[in-house]
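Here is the structure we will look at.
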């Protein structure tokens, strides 16, 4: 299992254990992390699973592809470290991952 910490916009942390192979979004939904809406169910067709990847983890989570970038244009408060959590696959290398949640989704 891989530990991921989701930090709500108000600073409330939610540490969960995720299975390898699932997405960071799926792990959040499965563990009822508030602030991840995932309206499209992980199809990269909305921006309601928007997260901010902590600087120390950006290289390990990789860069967003063109489709994800297009969807991020709909995200409120997009930043350079913005990602859609449905596009980040959980791997052993992400054990300890920290992502922050925006105040509003999509």
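In our numbering, the protein residues as written are 2 to 107.
All C-beta atoms in this analysis are idealised placements derived from N, C-alpha and C, irrespective of residue type, glycine included.
For residue 27, name the three-state secondary structure that DSSP assigns. helix
Under 8 Å between C-beta atoms of residue 29 and residue 83: no
Go ahead and label residue 12 buried or exposed: buried means 16 or more other beta carbons lie within 10 angstroms of its beta carbon, across all protein chains shown. exposed
DSSP three-state label for residue 18, please. strand
Quick one: give me the first and last residue of the beta strand (DSSP E) that residue 95 is part of. Where residue 95 is concerned, there is no enclosing beta strand (DSSP E), given that its DSSP letter is neither H nor E.
So the alpha helix (DSSP H) residue 61 belongs to, where does it begin and stop? 59-62
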